[in-house]
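The block underneath contains the structure these notes are about, expressed in structure tokens.
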Amino acid sequence: MEITIGGETYNVQYVETMREVWDALSKERVKPKWCVYDVETDGLHIKKARPYIGAFLFAKKVFVFPTTKENCNHLLYCINHIGMLYNHNINFDMHMTANITEDDEWPLKVKRYGDTMGLCRLSFEAISERDGGDSLRLKPIMDKYIDPTASRFEKAVKKWLSDKKAADRKVLIALLRGHGWTMKRFEEALNKGTEPIPEEVMKTFWTWRNEYPEPTYKDVPLEILMPYVAVDAIGVDLLVKKALPVVYHRKQQHIMETEWDLLPHVYEMERQGIPVDREYLMDAGEKLDAYIKRLQAKAEELAGRKFSVGQHAVIKDIYEERTGERPDSTDKKFLKFMADGGDELAKTISTLRRLEKWKSTYIDRILEVSEYDGKFYTLMNQFNPVSGRFSGDAQQFPKDPIKDENGEVIFHPRRAFKMRGYYIDFSQVELRMQAHYTLYLGGDLNLCRAYMPFKCVHYKTGEEYDYKTVEGRARWNELKEGASLQEFDKMWKAQHGDKEWEFADVCRAGLTAWVVPETGEPWTPTDVHTMTTLKALRIMGFVPEEMDPKDIKWWRSKGKTFNFMRNYGGGDAKAAETLDISLEAAKAMNRGYSEAFPLVVTYQNMVINEMRRKGYCQNMSGRRYYLSEPWKFYKVANYLIQGSCADDLKKKMIRIAKFIKENNLKMRMVLCVHDEIQFRVDDPAEDWAIPHIKRIMEDCPDIMVPIVAEVDFSDTYWSEKRSVLLV
DNA sequence: GCTGATGAAGG
DNA sequence: TCCCTTCATCAGCG
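FYI, the numbering for the first sequence is 17 to 743, going by this note's numbering.
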């Protein structure tokens with residue numbers, strides 16, 4: 017059959033084996049530049065789900081075929097004959113094909129992958145979906161950019177399914193009538209337990225269900241299913257044709273190639289999975305359930321009625337009755353305000369919300385997905401965030417445990433993951449990147465001095481610290497002659513026990529080789545959050561030297577939050593709201609920030625000017641961010657920082673994968689969380705590789721600020737990771 | 001069943 | 001002018 021999408025006609029045919037595909041391919045006079053391969057599956061679990069039908073496309077020919085093991089193995093020859101394989105979110109098809117061929121290596125045998133999600137990311141404007149930007153899902157993209165009628169084939173499939181369901185239902189209705197029951201009565205009894213169902217009625221129901229099982233896509237007649245399967249592949253083909261020129265025009269080929277290099281490594285990481293301690297989760301789940309029940313009873317008693325903590329309207333009713341005023345919101349801020357005033361109910365609702373979220377997200381869900389083989393598999397979306405970062409569901413596991421009313425730890429989400437492994441994360445990498453960007457403007461003194469002895473001189477030779485060369489930069493943590501970190505570590509432990517030291521402590525001990533010329537004192541890294549805070553406090557008329565250290569600490573935590581907010585482009589009003597401080601205090605924070613880090617403010621303004629001039633900006637790797645609406649330009653200052661770090665991490669992942677392969681190591685990357693890479697290292701004999709990997713991660717010749725990676729280790733659970741000193 | 005609002009979590 | 005995200009639940013709509 018022929019299908020026309022977006023004015024282009026494709027030939028679609030069903031084949032049982034790959035022979036006809038290969039024949040057609042060998043008849044092509046010109047070798048196609050790429051091919052498309054897409055599968056339909058019975059689920060989404062990357063190990064459990066199985067494909068049942070697939071589509072393979074090249075040169076406007078689509079072959080729909082049953083995805084048997086043999087067909088998939090033969091398909092590999094066709095794919096590699098062409099040499100370039102595209103799909104939309106192709107990692108998923110890699111997993112599905114590995115599942116059906118029972119060969120985890122199958123996807124790694126494909127010569128080269130491309131992903132139209134990646135092409136879209138590099139062609140779309142840099143607006144997140146939340147802010148009205150384009151979705152990265154294939155259907156809306158096809159609707160908007162390819163052909164709005166393309167969905168007609170999916171509609172036909174859905175219509176067939178609902179017609180079939182309705183017809184089957186009619187049979188059941190007739191059968192129930194024989195027992196004197198209506199469908200409505202039966203469903204209520206079945207779902208809500210309104211009345212007992214006689215055995216013979218149940219028996220009739222099960223006989224019917226057996227004979228008429230719930231129809232799935234597999235049951236759809238081929239002539240309806242075939243175009244539906246084909247049209248996704250056609251959409252991908254058209255998308256490549258349309259987006260590739262945009263990527264070239266925007267000079268994003270090199271970013272694209274790096275992303276394509278990374279694709280198989282991401283597949284390998286996803287494929288690893290992390291072993292789950294299911295017993296622990298079940299045990300913690302029971303404790304959490306009991307605690308939730310106790311709190312629900314307490315909330316019911318306090319409110320005088322039954323309600324759930326997600327029922328915002330009901331909670332508003334309760335507070336309207338209590339205070340005579342209907343709250344605009346029942347959010348955390350409102351509840352905290354009430355709780356601070358001594359309201360026990362508000363406190364209980366807040367705790368319950370957190371507990372219920374944790375129970376469903378970190379216990380029930382992990383138990384469900386790990387049921388298959390005891391492992392937690394997570395997808396790492398390589399293209400969704402506009403900045404270039406990864407996204408995925410494993411990126412937000414709480415760092416701290418949850419405690420019950422007696423202060424006893426009842427659940428720590430990270431305790432559920434058991435693995436001998438290393439966790440290497442970059443230290444404050446985005447702030448270091450921000451410092452790097454100010455160096456193009458001469459360097460922000462305070463921010464740069466947080467990470468290197470910027471404009472400091474050597475205590476012995478008097479030479480100025482050289483941040484412009486790799487060799488000069490490597491000396492950022494140089495110590496005075498005779499001083500050593502090992503000695504310091506010993507001394508520190510004798511004085512402070514288990515508390516970890518930071519490099520700033522080494523500097524404060526006077527061991528650094530660098531001297532601040534203005535003061536003649538040894539260089540000590542700036543504490544950027546304290547810097548903003550102290551300046552703001554003085555602006556507010558406080559004398560920090562005379563303040564209670566406890567108050568300073570409180571204000572510093574506000575200063576820290578403010579610094580991040582301000583880096584993202586936040587203003588006074590929003591800061592006052594988020595930090596829960598007065599507008600005057602927020603304004604003081606802002607002035608304190610500007611005084612402390614004037615060149616960051618200059619940098620932000622320059623980005624906006626650049627956007628006005630060109631309509632785009634490009635990060636350190638050359639990834640561009642295009643925006644057409646000027647009021648959004650302020651976002652780009654952060655895109656550049658976030659995206660430069662993300663692209664750096666992506667390139668590091670490729671280098672690390674190469675290092676692991678070259679050294680024939682069994683260790684594997686299993687996850688990355690923004691600025692951290694996690695490694696499973698089963699064999700202690702491979703521990704030697706970790707310092708090498710750390711050095712790969714710290715090797716950033718283009719960043720003028722030293723990049724530092726810190727190593728943690730655990731041979732039991734994620735929650736137990738502890739820092740390892742690698743000198 | 002889908003969508004938007006709301007709120008929990010990560011960097 | 002608060003950046004990038006995921007996931008769960010509830011309420012309202014068709």
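The beta carbon of each residue, even a glycine, is placed where N, CA and C say it ideally should be.
So which of the options has the shortest CA-CA distance to residue i?
{"i": "R628", "options": "Q268, V652 and D505", "result": "V652"}
{"i": "S443", "options": "P722, G575 and I116", "result": "P722"}
{"i": "Y68", "options": "F74, K76 and G59", "result": "G59"}
{"i": "V745", "options": "P717, H97, E24 and T132", "result": "Nothing about residue 745 can be read from this structure; the chain reaches only from 17 to 743."}
{"i": "S753", "options": "I709, R405, I250 and P156", "result": "Summary: the structure shown does not reach residue 753, with the chain confined to residues 17 through 743, and so no result is reported for it."}
{"i": "L41", "options": "T57, V78 and E18", "result": "V78"}
{"i": "L383", "options": "G357, Y296 and E446", "result": "Y296"}
{"i": "A451", "options": "H61, M720, C661 and F323", "result": "M720"}
{"i": "S151", "options": "L318, V37 and V402", "result": "V402"}
{"i": "R310", "options": "P280, E421 and L138", "result": "E421"}
{"i": "G289", "options": "R738, K630, D664 and E387", "result": "E387"}
{"i": "E600", "options": "E611, G587 and A612", "result": "G587"}
{"i": "I676", "options": "L687, F392, I250 and E702", "result": "E702"}
{"i": "R381", "options": "V55, Q658, A432 and K363", "result": "A432"}
Per DSSP, residue i is paired with what?
{"i": "R696", "result": "G437 and R684"}
{"i": "A71", "result": "D54 and V80"}
{"i": "S730", "result": "G437"}
{"i": "F392", "result": "I290"}
{"i": "T549", "result": "Looking at the DSSP assignment, T549 forms no beta bridge with any residue, so it has no partner."}
{"i": "N397", "result": "S407"}
{"i": "D131", "result": "N103"}
{"i": "T528", "result": "L495"}
{"i": "P538", "result": "V531"}
{"i": "T25", "result": "T20"}
{"i": "H474", "result": "W530"}
Spatial neighbours of residue i within its chain, please: C-beta separation below 7 Å, excluding the five flanking residues on both sides.
{"i": "L495", "result": "L527, T528 and A529"}
{"i": "Y584", "result": "N654"}
{"i": "G390", "result": "P291, V292 and R294"}
{"i": "L278", "result": "Q398, K666, M669 and I670"}
{"i": "N493", "result": "F519"}
{"i": "I240", "result": "A172, V173 and W176"}
{"i": "D749", "result": "Here the chain comprises residues numbered 17 to 743, so residue 749 is not present and cannot be evaluated."}
{"i": "Y129", "result": "L101, I106, W276, L279 and P280"}
Tell me which residues share the same chain as residue i and place their Cβ nearer than 6 Å to its Cβ, disregarding the 5 neighbours each side in the sequence.
{"i": "L615", "result": "T454, L457 and D460"}
{"i": "Y475", "result": "A529 and V531"}
{"i": "K186", "result": "none"}
{"i": "R465", "result": "T542"}
{"i": "R582", "result": "Y609"}
{"i": "E480", "result": "V473"}
{"i": "E24", "result": "none"}
Would you tell me roughly how many angstroms separate the C-alpha atoms of residue i and residue j, rounded to the nearest one?
{"i": "M396", "j": "K303", "result": "31 Å"}
{"i": "Q5", "j": "T394", "result": "This structure gives no information on residue 5, because the portion of the chain shown stretches from 17 to 743."}
{"i": "Y467", "j": "K484", "result": "14 Å"}
{"i": "G22", "j": "M158", "result": "9 Å"}
{"i": "E141", "j": "Y641", "result": "7 Å"}
{"i": "R35", "j": "N680", "result": "37 Å"}
{"i": "E534", "j": "Y439", "result": "39 Å"}
{"i": "W571", "j": "K349", "result": "18 Å"}
{"i": "V689", "j": "A410", "result": "8 Å"}
{"i": "A592", "j": "K648", "result": "22 Å"}
{"i": "D248", "j": "K181", "result": "25 Å"}
{"i": "L643", "j": "K576", "result": "29 Å"}
{"i": "I308", "j": "K375", "result": "9 Å"}
{"i": "C633", "j": "N103", "result": "28 Å"}
{"i": "I143", "j": "C136", "result": "12 Å"}
{"i": "L260", "j": "T367", "result": "50 Å"}
{"i": "R266", "j": "A705", "result": "39 Å"}
{"i": "A300", "j": "M112", "result": "33 Å"}
{"i": "C88", "j": "W734", "result": "37 Å"}
{"i": "V31", "j": "T232", "result": "21 Å"}
What does a CB cutoff of less than 8 Å around residue i pick up in its chain, not counting 5 residues either side in sequence?
{"i": "L188", "result": "M199, F221, W224 and Y228"}
{"i": "L124", "result": "P280, Y283 and E284"}
{"i": "R607", "result": "K551, A552 and I555"}
{"i": "K332", "result": "R342, P343 and T346"}
Three-pair Cβ contact test at 8 Å for the stretch 210-218 versus the stretch 38-52 | no
When the Cβ atoms of the stretch 270-285 are set against those of the stretch 81-97, are three or more pairs found closer than 8 Å?
-> no
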